[in-house]
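Only one structure is covered here, and it is reproduced in the block below.
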Amino acid sequence: MTQIRAIVVYAGVLALSSPAFAADKGVFVSPTTGVPVSSVWGVFVGVSQYQHKELNLSYAAKDAQALHGFFKGVFAGRVPEDHFALVLDDKAARGNILKALAEVFNRAFEQDLIIVSLSTHGLPDTKGSDLFFLAHDTDPNMPMDRGISRDDIMKLMGKGRARKVVMLIDACNSGGFGTAGPVLAMKNVSAADVNRLLVAMGQAQDGTAVITSSSAAERSQEGQKFCGGHGAFTCAMLGGLQGAADTNNNGLVELRELYDFTYRAVKDSTGGLQNPLISGNFDNGLPLAFVTRQAPLARVEPATPSPASTGCAKDTDCKGDRVCEKGVCVRPMGEKKAASAAAGVGAAVAPDQKSGAESARPSDRAHEWRGKTTIEEKPAARIEVTTPGSAHNSWGHVTFWSGLGLAAFGGVSTVMVVSTADDARSGVAGAGDLNAVWSSLAVGGYAVGGAAMVTGVVLWALAPNDWPAAASGSAWIAPVATDGGAALVWAGRW
Numbered sequence: 001m002t003q004i005r006a007i008v009v010y011a012g013v014l015a016l017s018s019p020a021f022a023a024d025k026g027v028f029v030s031p032t033t034g035v036p037v038s039s040v041w042g043v044f045v046g047v048s049q050y051q052h053k054e055l056n057l058s059y060a061a062k063d064a065q066a067l068h069g070f071f072k073g074v075f076a077g078r079v080p081e082d083h084f085a086l087v088l089d090d091k092a093a094r095g096n097i098l099k100a101l102a103e104v105f106n107r108a109f110e111q112d113l114i115i116v117s118l119s120t121h122g123l124p125d126t127k128g129s130d131l132f133f134l135a136h137d138t139d140p141n142m143p144m145d146r147g148i149s150r151d152d153i154m155k156l157m158g159k160g161r162a163r164k165v166v167m168l169i170d171a172c173n174s175g176g177f178g179t180a181g182p183v184l185a186m187k188n189v190s191a192a193d194v195n196r197l198l199v200a201m202g203q204a205q206d207g208t209a210v211i212t213s214s215s216a217a218e219r220s221q222e223g224q225k226f227c228g229g230h231g232a233f234t235c236a237m238l239g240g241l242q243g244a245a246d247t248n249n250n251g252l253v254e255l256r257e258l259y260d261f262t263y264r265a266v267k268d269s270t271g272g273l274q275n276p277l278i279s280g281n282f283d284n285g286l287p288l289a290f291v292t293r294q295a296p297l298a299r300v301e302p303a304t305p306s307p308a309s310t311g312c313a314k315d316t317d318c319k320g321d322r323v324c325e326k327g328v329c330v331r332p333m334g335e336k337k338a339a340s341a342a343a344g345v346g347a348a349v350a351p352d353q354k355s356g357a358e359s360a361r362p363s364d365r366a367h368e369w370r371g372k373t374t375i376e377e378k379p380a381a382r383i384e385v386t387t388p389g390s391a392h393n394s395w396g397h398v399t400f401w402s403g404l405g406l407a408a409f410g411g412v413s414t415v416m417v418v419s420t421a422d423d424a425r426s427g428v429a430g431a432g433d434l435n436a437v438w439s440s441l442a443v444g445g446y447a448v449g450g451a452a453m454v455t456g457v458v459l460w461a462l463a464p465n466d467w468p469a470a471a472s473g474s475a476w477i478a479p480v481a482t483d484g485g486a487a488l489v490w491a492g493r494w
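Numbering (the numbering used here), first residue to last: 1 to 494.
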C-alpha cells in the first residue's frame, strides 16, 4: 500500500495586498514573469478513517487540516471563506470529493490559484497504467469502482480555466511497493511506476510543476517529531509557507523557494533518507503565499541517530543496503542517489540540477528511452518510450515515424521487386504483374514515406521551445540503492 498525500496547486493569480501586491487593484504579479493573479481556491481532502479499517492512517486528516488552516488563515479577509473546502474521513466519500473538486475547477477563472490537497492512500491498477486515490468508501480490492483515478483529476484540470498547476505529492513509496498483502500484491507494479503516473499528472498541460516527497526508491516518513504529528514533507512545507522559504525577503513564498526549502528541510529531518524531487514546465517565481509572520514557524526537527532508526556502530547495524558512516546509516549512493533515481523515472530533478521550465520537463519534450535492470535473484528489464505533449511536436512524431515506417515498407517492396524480376523476365505466368505491383508499392512507400518524414521535421521545427537543452545529448547509467536491493538505471534522449 502506498500512502499518497497530494497537493495540487492550480495557479494563475492571487487577489492579495502585501508588500508585493498591488493594493489598488487587489492583484499581485509574479516577480519573474509579470503574470498577475486574482483569487484563491482550495479543496483539502484528508482520509485517516476508512470503511475498510485495515487502511486507516495516522496523520492524513491532520495534514489536510493543517494545510487548510494555513491557506484559509493567510488569505482571511482577502478571499471569501467558501473558497476553501475541507473534506475529512467519513465525509470524504468518492462522490463528495469529486463534487468539491468539480465545483472549484468550474468556478475558478484563468488567473486564479487553486489548491487541491489530497491526503490518502494510492493504488495503481495491475498494469501500472492508472493510479487511484482511495476515498473513505473505496474497496481496496476494487479501486476502479469507488476510487478517484488520476485520470479523473486530469480531466477536471483540463475542463477548468486555470492554467498553471503545482502538484505537491507525498507518497509513502518504497522499493517494495504493492507487496503489503494479498490485496496489494501487484507484482508487476513498482514504486517507479507509481512515480511515473504521478509525474504524468503534471504533463497534462504547460505551466505545471510536480513536487514529489521522495524518489521512487525511498519511503516518505511521518511521526510525532514532524510538527507534532505530520508527514516530514507536510511539516517542511508548512514551515516554508509560513515564511522560512522566503529567501529573497520579498514577502512572497515562491514556487522554487518552497521546493528548495522543503528539499533541504526534509533531507535534514530524515537524515538523508528522503529527498523530494521536482519536475514540470513552470514559473520558478510563481507566488504561492505571502509572509505574515503572525505565527511561529512550524519546526522541522533534524534527524537524531538512534539504534532503532539510523544510528549505527558498524555496517551490520543498518538495514537493507545501507552502510554505517559516522554513526549514521546511509545509502552507499550518497548525495547523487536522488538525482539518479529521478533519471530512472525520467521526469524529476533535485536542486543541484538545472532548474526552470526548460530543464525540468524532459519526458514530454523529446523521445525518451529509459529502463531498469534490478540486481536480484531474477533480474528484470524494462524499456519505456514517451512522446511529447505539444500539439505540433506530437503530430511531428506521428508523421515522421509513420513516414519512416512507410519508407521501410518501400525497402521491403524493393527486395520483392528484385526477387520477382527473374521470373518476370523468364515469362513465368503472373510474375510480371506481381513484379509491377511490388514496384508500385516500393515507389509509393518511398514517396509517401519521404513526404511524411519531411512534414514531421517541419512540425518539429514549429515547436522549437519543446526541445530544451536538457533533452539533447543526455544519456546516463547509474546504480541506485533500493530497499529491495540494488538496481541499474539507464536513460537517454534523442
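In this text, a Cβ means the ideal position worked out from N, Cα and C, and glycines have one as well.
Asked, Found
"Measuring only the C-alpha atoms, how far is Ser48 from Ser117?", "14 Å"
"Helix or strand or just coil, what does DSSP make of Pro388?", "In this predicted model, Pro388 has a pLDDT of only 42, less than 50, meaning its place in the structure is not dependable enough to derive any value."
"Is Glu222 helix, strand or coil by DSSP?", "strand"
"With Gly202 and Met237 assumed to form a contact (beta carbons below 8 Å), what rounded beta-carbon distance in angstroms separates them?", "Gly202 to Met237, Cβ: 17 Å. No contact."
"Could you say which of Val165, Gly444, Leu134, Gly228 lies nearest to Leu55 if we only look at CA atoms?", "Leu134"
"At what residues does the beta strand (DSSP E) containing Thr503 begin and finish?", "Only positions 1 to 494 of the chain appear in the structure, and residue 503 is not among them; the question remains open."
"Output the boundary residues of the beta strand (DSSP E) element that contains Val74.", "Premise fails: Val74 lies in the alpha helix (DSSP H), 60-74, not in any beta strand (DSSP E)."
"So does the stretch 205-212 actually touch the stretch 39-48, counting three or more Cβ pairs closer than 8 Å?", "no"
"Considering only DSSP beta bridges, list what Asn496 is partnered with.", "Outside the shown range of the chain, which is 1 to 494, sits residue 496, and nothing can be said about it."
"Using a Cβ-Cβ cutoff of less than 8 Å, which residues in the same chain neighbour Ala431 once the five nearest sequence positions on both sides are dropped?", "Thr420, Asp423, Ala424"
"Measuring CB atoms only, is the stretch 61-76 touching the stretch 94-109, in the sense that at least three cross pairs come out at less than 8 Å?", "no"
"What residues in its chain sit with their C-beta under 6 Å from that of Leu86, if we drop five residues either side in the sequence?", "Phe44, His68"
"Give me the residue from Val437, Glu222, Ala162 with the minimum Cα distance to Glu110.", "Ala162"
"Can you check whether the CB of Gln221 is closer than 7 Å to the CB of Ala204?", "no"
"Hey, could you find the ends of the alpha helix (DSSP H) Pro124 is sitting in?", "From DSSP, Pro124 is part of no alpha helix (DSSP H) but of the beta strand (DSSP E) over 112-124."
"Opposite Met144 in the DSSP bridges: which residues?", "DSSP output for Met144 lists no bridge partner at all."
"When DSSP builds the beta bridges, which residues end up paired with Glu254?", "Pro287"
"Let me know the secondary structure DSSP gives Ser39 once reduced to three states.", "strand"
"Mind checking Lys512: buried by the 16 CB within 10 Å criterion, or exposed?", "As displayed, the chain neither begins before 1 nor continues past 494, which places residue 512 out of reach and without an answer."
"Provide the residue span of the beta strand (DSSP E) that contains Val87, from first to last.", "84-88"
"Is it right to say Gly147 is buried, meaning 16 or more other beta carbons lie within 10 angstroms of its own, or is it exposed?", "buried"
"With DSSP as the reference, label Asp137 as helix, strand or coil.", "coil"
"On a CA-only basis, which of Asp268, Asp283, Phe282 is nearest Pro276? Give me that one, please.", "Asp268"
"According to DSSP, which residues form a beta bridge with Asp423?", "According to DSSP, Asp423 bridges with nothing at all."
"What are the partner residues of Gly46, as DSSP defines its beta bridges?", "Leu88, Ser119"
"Nearest to His136 by alpha carbon, out of Val417, Gly122, Gly128?", "Gly122"
"Could you work out which residue in Ser39, Leu101, His52 is closest to Lys72 when comparing CA atoms only?", "Ser39"
"Work out the CA separation of Gly223 and Lys159 for me, nearest whole Å.", "37 Å"
"Can you round the beta-carbon distance between Leu131 and Leu198 to whole angstroms, since I take them to be within the 8 Å contact cut?", "7 Å"
"Would you check if the distance between the CB atom of Gly456 and the CB atom of Phe400 is smaller than 7 Å?", "yes"
"Find out if the Cβ-Cβ distance for the pair Phe290, Leu241 is shorter than 7 Å.", "no"
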